[in-house]
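*Asks:* Okay, here's the structure, questions in a sec.
Protein chains: 2
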Amino acid sequence: MHERNSVAELALTLRSELNRYSPGEKLPSSRALVERFRVSPVTVSRALATLAAEGLVVTRPGAGAFRAEPHPASAPPGDTSWQQVALSAEAGEEAVPRSVDAAGVIASLAGPPPGVIELSGGYLHPSLQPERALAAALARAGRRPGAWERPPLEGVAELRSWFAREIGGPTGSVTPSGVLVTAGGQSALTTALRALAPPGAPVLVESPTYPGVIAAARASGLRPVPVPVDAQGVRTDLLAEAFRAGRARVFVCQPLFHNPTGSVLAEDRRREVLRIAREAGAFVVEDDFARRLAHEDAPPLPPTLASEDADGVVVHVCSLTKFTSPSLRVGALAARGPVLDRLRAIQVVDSFFVPRPLQETAVELVGSPAWPRHRRALAAELRVRREALLAALGRELPGSEVAYVPPGGFHVWVRLPDGTDESALAAATLRAGVLVTPGRPFYPAEPAAPHLRLCFAAAAGVAELREGVRRLGAVMREV
Amino acid sequence: MHERNSVAELALTLRSELNRYSPGEKLPSSRALVERFRVSPVTVSRALATLAAEGLVVTRPGAGAFRAEPHPASAPPGDTSWQQVALSAEAGEEAVPRSVDAAGVIASLAGPPPGVIELSGGYLHPSLQPERALAAALARAGRRPGAWERPPLEGVAELRSWFAREIGGPTGSVTPSGVLVTAGGQSALTTALRALAPPGAPVLVESPTYPGVIAAARASGLRPVPVPVDAQGVRTDLLAEAFRAGRARVFVCQPLFHNPTGSVLAEDRRREVLRIAREAGAFVVEDDFARRLAHEDAPPLPPTLASEDADGVVVHVCSLTKFTSPSLRVGALAARGPVLDRLRAIQVVDSFFVPRPLQETAVELVGSPAWPRHRRALAAELRVRREALLAALGRELPGSEVAYVPPGGFHVWVRLPDGTDESALAAATLRAGVLVTPGRPFYPAEPAAPHLRLCFAAAAGVAELREGVRRLGAVMREV
Chain A
1 MHERNSVAEL ALTLRSELNR YSPGEKLPSS RALVERFRVS PVTVSRALAT LAAEGLVVTR
61 PGAGAFRAEP HPASAPPGDT SWQQVALSAE AGEEAVPRSV DAAGVIASLA GPPPGVIELS
121 GGYLHPSLQP ERALAAALAR AGRRPGAWER PPLEGVAELR SWFAREIGGP TGSVTPSGVL
181 VTAGGQSALT TALRALAPPG APVLVESPTY PGVIAAARAS GLRPVPVPVD AQGVRTDLLA
241 EAFRAGRARV FVCQPLFHNP TGSVLAEDRR REVLRIAREA GAFVVEDDFA RRLAHEDAPP
301 LPPTLASEDA DGVVVHVCSL TKFTSPSLRV GALAARGPVL DRLRAIQVVD SFFVPRPLQE
361 TAVELVGSPA WPRHRRALAA ELRVRREALL AALGRELPGS EVAYVPPGGF HVWVRLPDGT
421 DESALAAATL RAGVLVTPGR PFYPAEPAAP HLRLCFAAAA GVAELREGVR RLGAVMREV
Chain B
1 MHERNSVAEL ALTLRSELNR YSPGEKLPSS RALVERFRVS PVTVSRALAT LAAEGLVVTR
61 PGAGAFRAEP HPASAPPGDT SWQQVALSAE AGEEAVPRSV DAAGVIASLA GPPPGVIELS
121 GGYLHPSLQP ERALAAALAR AGRRPGAWER PPLEGVAELR SWFAREIGGP TGSVTPSGVL
181 VTAGGQSALT TALRALAPPG APVLVESPTY PGVIAAARAS GLRPVPVPVD AQGVRTDLLA
241 EAFRAGRARV FVCQPLFHNP TGSVLAEDRR REVLRIAREA GAFVVEDDFA RRLAHEDAPP
301 LPPTLASEDA DGVVVHVCSL TKFTSPSLRV GALAARGPVL DRLRAIQVVD SFFVPRPLQE
361 TAVELVGSPA WPRHRRALAA ELRVRREALL AALGRELPGS EVAYVPPGGF HVWVRLPDGT
421 DESALAAATL RAGVLVTPGR PFYPAEPAAP HLRLCFAAAA GVAELREGVR RLGAVMREV
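First to last, the sequence lines map onto chains A and B.
If you use full-length UniProt numbering, the first sequence corresponds to residues 1 to 479, in order.
If you use full-length UniProt numbering, the second sequence corresponds to residues 1 to 479, in order.
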């Protein structure tokens, strides 16, 4: 059982028992709880903190935990309704409408309730993460001299060199001086969008696309404009048209194992994307989030767009989190030309720099023998899981369709029968104990058809995948 | 000698010896360098990576390091000049002018060149950081079960509870559910500004104030509007006037040990700030960056503004970095009311969450016996250093004036004789081997008078502080 489940379960039990205590009464000691529930002190501490965060329990260091008073006299409820006016206030007649819709992102980040099978999500199940290698790398990083000192603002030099080699490939066309270490891929995307486009500007995105890029664009006051993708990646004829039609100076693209479809940008379209953007005087943000997630049976990978771009068209984004752990929030931006200074300025002003111990952990990890070993093991496991999911879908969801078998990444993009209500389906599926991701949030405008995105990396194993699809199929037959 | 110095020195030596090798020639092995320079393998690796980042050296894993070819045939220099047009493109007639000036922030973050005395900066010298406690906390955090799992988006519950107790104080008026864990104070400030004000809006800031808040506001398209401070903190008569004059809905304030002056907001003005903001329907961002930096002789600290605010006026920002290490990038936002959702949405969309190992490190550290011990030791040391700096200033800079002896924080704010050219002085001082911070970047508009901000926490010790001020005095007598 994973830590997060045991914490959630203990919190659930304690919550249900709280009525036995009067407000202000002391709960059993941590030690007593450890003995009674046979869990670790850390689990008890976390479960109590969860209840404290909910306002049900008050913890006092040294004294213990107490049932909270229903209305603590010390904190009279104030009147916060004025905030609704203040938060809607605009800068002037021409202000950009404000909307920060984090729902899609939160849905993909939040873990499932205990007992629910996760066919959603965008991270590896803990059993697929290189947990021991991470722990060893962190321990070694902590012993490195100067591990807590200020890192260079652009990132630790060894890590920049490593990213440059990975992004540039054998051509060596990406230099360490063109790399900025970032706090993961989402931060890198946000920094790129804020650097490249002023508030109010349009930004071209693939359709469907990763909801995090739509949310990041909107949160920065940008207007995402859809450009359709098919099994060969973005439709370059429509890309050219979209640049002509608007004043966009940025196109965000996932050329490799596109999220959600898994498609790979075809060779002739790669050249077209760069040519079209160059002619439009626009940047291509290459979100290369999945390069290390190729399945065992994937054909040889195309190089990054960044490695084939001499004119600074491409702003490259990548990250280690998908391949390792969501908490190894280390990624990179790579670019060339004046834009590099703009990216660096935004990153420094927003958040200073990436914590050095995490950067040193990444240096240790990518240099360890565990790194290539993990890559091989993961490639094999992802292939097995993808095949198991596809086979289960064929058995249990005969009315659905997977247009494209992804050679990399975590997801398959399942076309549902016309007229299916995705939201109702997702809600009914959750009642049956399975978390799935509706397709709607992947479209910046009207969706092409009803879809689900199913993840084969977040579940505990193949048996759980099969059981999840079985329950999904039963729900679909009902609705 | 600190690691960063030995890396910089080895890089300097290797750089000067590069001419001995022809382009493409192999440099001595890491092992040979370790033996010759009597440094650790990590230092050699970092020094080589520094040269690689400068494009002087190419490293190939397993093969070694080579002098770089002057113009690698594989990376023809492209034409990036089009970017200047693209980066100036605006969204429309009414677009917000774009300026991302990170110079002030970068100056305060970059370490000094080797051999230069640091009277600038905003972090503790490594010898004042709780290095062993940090290493122990990191090691314990790495062994916690689930250390690499996804944390709750709002932060690890134990840490939220701790922050709530620290921010709310004995009143208990700040609840864990009102706390978001952030990646340090600067990220928290940026999140607050982006959440509270739309692009183009004015935001009231103290004058002088911390350059990082001016830069963060401008990078988000906001217009910082100055409100003067004196020895009792912000001038509340002028604050009311500034709210009346404009349409600002946000005031950013450092009530405790204000940066750069060190002043503490007076009791009557605390109440006034909350009343004025409440009447204006505006938020107060309380940047409580220095609460743990009280000097040994400081009077009892006032509580946070957040703890005395029932109506959700205050958005509280705090951080652990100043008190520990710049790389423990863990801080908090605290708020109540609808604004909390807005803050959470911005943070999640921008950067997802704070890496769990760092949060667990913070939990371990604040719960360890080293925490109160460090607080006492630091309070004593900061007092000694402040007094040493003030005494040296009295001796060496008779023409300067320190209006306020700060009871906390890292800085004194030194008034220079009228007509002093701060930039010329800082440049001449650097030539004499001392890094100081000119006063100009602390003013959002015209400066009141020439100043320097001197830091007594970043130098190696009292002797170095005295030597720094001696050199500064000699330079001032010359110019």
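Every residue, glycine too, gets a C-beta built ideally from N, C-alpha and C.
Computed from a predicted model, the values in this text were never measured in an experiment.
#1: So is S327 (chain A) in contact with chain B if we call contact Cβ pairs under 8 Å?
#2: Under DSSP, the alpha helix (DSSP H) around V469 (chain B) begins and ends at which residues?
#3: Apart from the five residues on each side of it in sequence, which residues of its chain come closer than 6 Å, Cβ to Cβ, to T429 (chain A)?
#4: Tell me the start and end of each unbroken beta strand (DSSP E) in the stretch 402 to 455 of chain B that is at least 3 residues and wholly inside, in chain order.
#5: Return the CA-CA distance between A457 (chain A) and H125 (chain A), expressed in angstroms with no decimal places.
#6: What's the call for V405 (chain A), buried or exposed, on a 16-neighbour Cβ count within 10 Å?
#7: Taking the straight line between their C-alpha atoms, what separation do you get for A306 (chain B) and F352 (chain B)?
#8: Do L358 (chain B) and L328 (chain B) count as a contact pair if the criterion is CB distance below 8 Å?
#9: Hey, would you say F133 (chain B) sits closer than 8 Å to A424 (chain B), going by beta carbons?
#10: Just list the residues that DSSP pairs S207 (chain A) with in beta bridges.
#11: Is any beta-carbon of chain B found at less than 8 Å from that of S187 (chain A)?
#12: Using 8 Å as the threshold, is the C-beta distance between S40 (chain B) and P152 (chain A) below it?
#13: Closest by CA to S187 (chain A), which one among A:E446, A:T321, A:G433 and A:R373?
#14: Looking at chain A, is there any beta carbon in it that lies within less than 8 Å of the beta carbon of V96 (chain B)?
#15: Have a look at B:G408, B:A335 and B:T361 and flag the residue whose alpha-carbon is nearest the alpha-carbon of A379 (chain B).
#16: Run through the stretch 216 to 266 of chain B for me and flag every whole alpha helix (DSSP H) of 4 or more residues, listed as ranges in chain order.
#17: For G233 (chain B), collect the residues of the same chain with a Cβ closer than 7 Å to its Cβ; drop the 5 residues on either side in sequence, then sort them by chain order.
#18: Can you list, in chain order, the residues of the stretch 111 to 140 of chain A whose Cβ is nearer than 7 Å to any Cβ on chain B?
#19: Classify D309 (chain A) as buried or exposed, calling it buried when 16 or more other Cβ atoms lie within 10 Å of its own Cβ.
#20: Considering only C-alpha positions, which residue in the set B:A245, B:P447, B:G62 and B:A459 is nearest to F410 (chain B)?
#21: A137 (chain B) and L365 (chain B): beta carbons closer than 8 Å?
#22: Is there a C-beta anywhere in chain C that falls below 8 Å from the one on Q254 (chain B)?
#23: Taking S30 (chain A) as part of the alpha helix (DSSP H), name the residues at either end of that continuous run.
#24: For the alpha helix (DSSP H) containing F163 (chain A), name the first residue and the last one.
#25: Hey, does T304 (chain B) have any beta-carbon neighbour from chain A nearer than 8 Å?
#26: Where does G399 (chain A) fall in DSSP's three states?
#27: Beta carbon of residue 480 (chain A), beta carbon of L343 (chain A): below 8 Å?
#28: What residues match up with S319 (chain B) in a beta bridge as DSSP calls it?
#29: I think H316 (chain B) touches A294 (chain B), with their Cβ atoms under 8 Å apart; what is that distance to the nearest whole Å?
#30: Could you check whether the stretch 217 to 235 of chain A touches the stretch 211 to 218 of chain B, counting it as contact only if at least three pairs of C-beta atoms, one from each stretch, sit closer than 8 Å?
#31: Does the Cβ of G394 (chain A) have 16 or more other Cβ atoms within 10 Å, making it buried, or fewer, making it exposed?
#32: Can you check whether the CB of S22 (chain A) is closer than 8 Å to the CB of residue 519 (chain A)?
#33: Let me confirm a value: E17 (chain B) is counted as buried when at least 16 other C-beta atoms fall within 10 Å, else exposed. Which label applies?
#34: So which residues on chain A does A282 (chain B) lean against when the C-beta distance must stay under 7 Å?
#35: Taking 6 Å as the limit between beta carbons, can you name the residues of its chain near R15 (chain A), skipping five residues before and five after?
#36: Is there at least one Cβ from chain A nearer than 8 Å to W371 (chain B)'s Cβ?
*Replies:* On the basis of the coordinates in this document:
#1: yes
#2: V462 to E478
#3: V436, L472 and V475
#4: 411 to 415 and 451 to 455
#5: 6 Å
#6: exposed
#7: 25 Å
#8: yes
#9: Residue 133 (chain B) is actually Ala in this sequence, not Phe. Contact: no.
#10: A:P228
#11: yes
#12: no
#13: A:T321
#14: Interpretation of V96 (chain B) is limited by its pLDDT of 47, a score under 50 that renders its predicted location unreliable; no figure is taken from the coordinates.
#15: B:G408
#16: 236 to 245
#17: P255, H258, S263, V264, L265, A266 and R269
#18: G111, Y123, P126, Q129, E131, L134, A135, L138 and A139
#19: buried
#20: B:A459
#21: yes
#22: Any reference to chain C falls outside this structure, whose protein chains are A and B.
#23: S30 to F37
#24: A157 to G168
#25: no
#26: coil
#27: With chain A running from 1 to 479 in the structure shown, residue 480 (chain A) is simply not present.
#28: B:G331
#29: Rounded, the Cβ-Cβ distance is 18 Å, inconsistent with contact.
#30: no
#31: exposed
#32: There is no way to answer for residue 519 (chain A), as the model of chain A reaches only from 1 to 479.
#33: exposed
#34: A86
#35: none
#36: no
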